[in-house]
Amino acid sequence: METESDISLLLVHDNVDEANRLVSLLRNANYRVDPHYAGTASDLNRKIQERNWKLAFVQYAAQSVPAKTVFHQVRRLAKDIPIILIIDAHDPSLIVDGLKMGAADVIPMDEDQHLIQVVERTLHDLEQRRRQRYWKRRFAESENRFESLISSSQDGIAIIQEGTYVLVNGAYADYFGHSSPDEMNLLPVMDSIAKTEQFDFKKYLRPLSEDNAMDIETIQFQAVKADNSSFPVRAALSQVDFHGEPALQLLIKKDFIGHTASSARGDMPYTEILLEADSSKIRLNEMLESINSAIRRAARSGEDALLYYLQIDNHDTLQKKLGIKTTEEGTIQLAHFLESRTADAVSFGRIREDAFILIGNNMDSNDSLAFARKLLSDVSSQLFDTGDSSFSCTLSIGIATINETSTSADDCLENCLQAIATLHKSGGPGGNNAEFHEPVYTLSSPDMSTSELVAIGKQLISKDKVDLLFQPIISLQGMADEFYEVRMDIKSEAFDSTKPDDFLHRLFATEVGRELDRQVIEKALKRLEMQLKTAPKTRLFLSLNEATIADPQFLPWIRNILGSSAAPAHKLVFQLREIDIGRQLGKAAALIDGLRALQAKTALTHFGLAINPMAMLNKLSVNFVKIDGLLVEKTQKGSEAMQNLTTMIETLKTEGQMVIVPHIETAAIIPALWQAKVDLIQGHYVQAPQAEMNYDFSEG
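Be aware that the sequence shown starts at 4, since it is given in my numbering, and climbs by one per residue.
Okay, here's the thing in structure tokens:
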């Protein structure tokens, strides 16, 4: 078993010597490394499926197996393998490209210590993801067991801890000749087992491990009743949690009382015994347990499997055409036919009136599709005689991988259904076909190239899809001005689906950012002109991004715009972010001076995150300083953060600055801000951004 410092390492690199050097580097860092080298795409595909890898080192420029091929194969097989890309030298464009592909990180070849730190972080992240999936599986299993206890009350169920019955249900007590479950509680379990078989049973009473839970096992023994008579029993033994501690669960189904399994099937797993019954009957619970059993095997031993969901096409139409009786008789014959064609399957069964599932051994996705399509061909050419009539049909088959990333039977079935849905989408092949499920990665702005972002931004401008929102900024010290911060928004019809959370942030980081700034300013000035007619004290805060700060044409442009606007310049406050100023300090200082010459005001926003924020502020001449929202959020976690914030505010006030505190979500912080002489506050507690400037400042 791997320990935390063990690394099963997959290597894709054209230079074997360099690959070995990387392995030596990890070993020198006290990692026990089990390296495996993949030299071709087919070799890679095979190795990915062999085990649950902890890490992969992939050469970015590899010719033997291109990096994009590695990512494609890992995603196609739904594996959680952290990939660290190795590049020849530091190149920001390659780093960004690698991260977009999905790399855990991108490291230059000779930055050994950097690589070691990244490996440590990446392995930690992987462990957290695995723990999360493990507990999701345990939670799903617990839910299934709880439902089983409720729904299968006719089956005997007992919970055993430290060799003693701690919980027995009525059916179990009845099987053993006791009048009530209470008579068996706290009895040694050995009292219920014939002396000749107690030695064999003792191996199951060893201390149980939470980290390495036992699989479900089928056991056979001679049971002893309260009157000392004996009877044969076949039971399912599994490990469960009971009151937070590991325990054994014995499940004795009524059908398993009075006889044991034949020698031919005495070693069959419990789930397979359950499925030994007529495959034409709907057995949803048993099949779900079979899927969960496959998930557990994959998680513990890396023994992956494939789940096939076989759905009868147009089942409702068949029922209307042939009648319910004929359709059901045909479906029963179909079930037996499918079972005869899937003899090598781990499990096969019917889960609803129009669907079956098949759990098969793991194979390449192309091979699984070939197997499924052969099955489709066999079914479509078959005519089933139902006596009075005949029955024929076609199937749609969805295929999904069962591996260590799987969390529940429901999720696996949903993946199969998504694959089938793909077949029936507009333009899809329709029924009598098969599809292999591949995870769908929702498009977000990191998936877009810079050129795509620029194109979208220009389209937003040309088609007038830019909208404005206004958030009030209110005074704590009795100022008469009515301030609003202008927020850019995008009209909802501009996106077919919800826009990614970081879309605007990345959009403003491109060259189109300056064009967006200008459109927002033009729109805001028009709105301000109208607002001043009814609210003459209105003033607007307008954000400028880094591209605008660096734009030498912005000052001449804003001078012309203000010259033709009815809104006076002193009604505008242009705000610049601390991080942008840090990168463009000289240009930012010149811009601030130029805006002051136009009678406009300026503000430094997101203040306080730089190493020495006051040193930067002292080089500028701004009218307002807005604290970064993160510093405000921290005050909710402890008094020390609040003390740090008030100290910063006091320093700013000593320097004669007008201070704004944003992100006010509750009233609790306001008294402390008032005592610290904060000038203005904003946040959702005051009012969320609105399409109109309609805040009642008289109530503020």
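Idealized CB from N, CA, C, for every residue including glycine.
Our two residues, A348 and Y312, have alpha carbons roughly 13 Å apart in a direct line.
Across the structure, A591 and A553 are spaced so that their CA atoms are roughly 8 Å apart. Following the DSSP letters along the chain, one finds P616 inside the alpha helix (DSSP H) bounded by residues 616-620. For Y312, the uninterrupted beta strand (DSSP E) segment begins and ends at 308-315. In the DSSP assignment, no residue is bridged to L80.
A Cβ-Cβ contact shorter than 9 Å links L683 with F486. Using a Cβ distance threshold of 9 Å, E438 and L426 count as a contacting pair. A direct Cα-to-Cα measurement between L528 and M112 gives close to 52 Å.
Note: R49 is not bridge-paired with any residue in the DSSP secondary-structure output. With fewer than 16 neighbouring CB atoms inside 10 Å of its own CB, S182 falls in the exposed class. Following the DSSP letters along the chain, one finds H508 in no beta strand (DSSP E) but inside the alpha helix (DSSP H) bounded by residues 506-511. Contact holds between the stretch 96-106 and the stretch 67-87, because three or more Cβ pairs, one in each stretch, are under 8 Å apart.
Segment contact: the stretch 221-230 against the stretch 132-147, fewer than three CB-CB distances shorter than 8 Å; contact not assigned. DSSP places P38 in the uninterrupted beta strand (DSSP E) bounded by 35-40. Around the beta carbon of Q462, a 10 Å sphere encloses fewer than 16 other beta carbons of the protein chains shown; the residue is thus reported as exposed. Using a C-beta cut-off of 8 Å, the stretch 172-186 makes no contact with the stretch 200-209, since fewer than three inter-stretch Cβ pairs fall below that distance. Counting only residues of its own chain and dropping the five nearest sequence neighbours on each side, H573 has a CB closer than 6 Å to the CB of Q602. Taken through DSSP and simplified to helix, strand or coil, R140 comes out as helix. Counting C-beta pairs closer than 8 Å gives three or more between the stretch 514-529 and the stretch 542-557, which meets the contact rule. Per DSSP, the beta-bridge partners of P191 are T167. Comparing C-alpha distances from I354 to each of I335, L655, D367 shows the shortest one belongs to I335. With a beta-carbon spacing of about 11 Å, Q685 and F473 fall beyond the 8 Å limit used to define contacts. If you keep only unbroken beta strand (DSSP E) runs of at least 3 residues inside the stretch 333-409, you get 350-355, 358-364, 398-405. In the DSSP secondary-structure assignment, Q201 is not bridged to any residue.
Bounds of any alpha helix (DSSP H) do not take in I477; it lies within the beta strand (DSSP E) bounded by 469-478. Of the residues assessed, W56 falls on the buried side of the cut-off, its CB having 16 or more other CB atoms within 10 angstroms. Counting of Cβ neighbours within 10 angstroms places Q639 among the exposed residues, the total staying below 16.
For V523, the enclosing alpha helix (DSSP H) covers residues 516-537.
Here F202 is exposed: its Cβ has fewer than 16 other Cβ atoms, across all protein chains shown, within 10 Å.
Rounded to whole angstroms, the Cβ separation of A302 and E144 is 11 Å, and the two are not in contact under 8 Å.
Inclusion of I10 and L28 in the CB contact set at 9 Å is not warranted, their separation being larger than that value.
In the DSSP assignment, S233 falls within the beta strand (DSSP E) that extends over 233-245. The beta-carbon separation of V625 and I595, rounded to 6 Å, stays under the 8 Å limit for a contact. Using a Cβ distance threshold of 9 Å, I86 and V68 do not count as a contacting pair.
Separation of the CB atoms of G632 and H666 is rounded to 4 Å, and the pair is thereby assigned contact status at 8 Å. Annotation: the continuous alpha helix (DSSP H) that includes S642 extends over 642-657.
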